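In our numbering, the protein residues as written are 879 to 1175.
Note that beta-carbon positions come from the ideal geometry of N, C-alpha and C, so glycine has one too.
Because the structure is a prediction, the values reported are computed rather than measured.
So this is what it looks like as structure tokens:
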């Protein structure tokens, strides 16, 4: 979805080849209105999916208790999970707050370096890549909207992973020096919200590991698609390149192509052009749970 699209403009529709998605304010459930006949349901009604304006679920009580967003954040799709929305308006201007874009392939953080700013992902997705002390390099997960990256730098610690864009998006950047200067790093309320976002990032990473750990490539891909759906809060999933999916799942692009074909043939997904995929969640869940996949790869 358009990262700069104002979520409060009710009734505005975004047309895709397979479905329309109506964007609602963050305090309401995101309801996808599909043009096909087999589902008209809120995302929260489907198995393995939670209402997720950011990386992971946030309760209705938490959302309702959140302080009103500062004026510059009111149209941000990540505002419910972003710690900036908890900063008083009179301090925001002093933060040298900047919004930037990134493209697939851009490096947003490098393992072993100490970040001088925190970045809050507004849209898009990044891949986590880690090199072990033995020199083995591996892609280990995906972060998406609402995730705070660079927070290890606030503790004076180097980044544990390299973060590489896999879907074009945008992020907000807050220099650590400005957070220190404004006293926010000594503010227990702000630090509490920052800790909460870090906890949700860990929870999301656990979800990725669980969903993408199937016995076959098709099961792993099914889980990866469900995770991407969670990150995007949509059943119409924007896809990374197949080479990236292959890297994340530890297989080849050819195996990913075959797995997509199998999922589409069995009705688990519907391809909507090259870059989008429409998910049939109940069928994907059955594929993931199948003890002996019929087309083991």
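inquiry  = Pull the bridge partners of residue 1005 from the DSSP assignment, please.
reply    = For residue 1005, the pairing in a beta bridge is given by DSSP as 1020, 1042.
key: Sufficient close CB pairs (3 or more, under 8 Å) joining the segment 1043 to 1055 to the segment 1096 to 1105   = No, the segment 1043 to 1055 does not touch the segment 1096 to 1105.
Local conformation of residue 1031 per DSSP, three classes = DSSP places residue 1031 in helix when its eight states are reduced to three.
ask   = CA-CA distance, residue 1064 and residue 1025?
value = Residue 1064 and residue 1025 have their C-alpha atoms spaced approximately 21 Å apart.
request  = List the endpoints of the continuous alpha helix (DSSP H) containing residue 1080.
outcome  = In the DSSP annotation of this structure, the continuous segment of the alpha helix (DSSP H) that includes residue 1080 starts and ends at 1066 to 1089.
query = Looking only at C-alpha atoms, which of 1133, 1158, 960, 1043 sits nearest to residue 1145?
reply = Considering only alpha carbons, the answer is 1158.
query = First and last residue of the beta strand (DSSP E) that includes residue 1148?
reply = Note, residue 1148: beta strand (DSSP E), 1147 to 1149.
inquiry  = Can you give me the C-alpha to C-alpha distance between residue 1030 and residue 992, rounded to a whole angstrom?
reply    = Pairing residue 1030 with residue 992, the inter-Cα distance amounts to about 7 Å.
request  = Determine the extent of the beta strand (DSSP E) in which residue 1157 is found, giving its start and end residues.
outcome  = Under the DSSP assignment, residue 1157 falls in the beta strand (DSSP E) whose first and last residues are 1154 to 1157.
key: Every unbroken beta strand (DSSP E) inside the segment 1093 to 1168 [3 residues or more]   = With a minimum length of 3 residues, the continuous beta strand (DSSP E) runs that stay inside the segment 1093 to 1168 are 1114 to 1116, 1147 to 1149, 1154 to 1157.
Residue 981 (DSSP reduced to helix, strand or coil) = Coil at residue 981, not helix or strand.
query = Which value, in whole angstroms, describes the spacing of the CA atoms of residue 1008 and residue 1041?
reply = If I take the Cα positions, the gap works out to 9 Å.
query = Can you give the Cα-Cα distance for residue 1119 and residue 965, rounded to whole angstroms?
reply = Looking at the two C-alpha atoms, the distance is approximately 37 Å.
Where residue 1058 falls, given that 16 or more other Cβ within 10 Å makes a residue buried = The residue in question, residue 1058, is exposed, as its Cβ has fewer than 16 Cβ neighbours within 10 Å.
key: Extent of the continuous alpha helix (DSSP H) to which residue 970 belongs   = Membership of residue 970 in the alpha helix (DSSP H) is indicated by the continuous run 967 to 970.
task = Could you tell me the distance, in whole angstroms, from the CA atom of residue 1124 to the CA atom of residue 1102?
result = Distance between the alpha carbons of residue 1124 and residue 1102: 11 Å.
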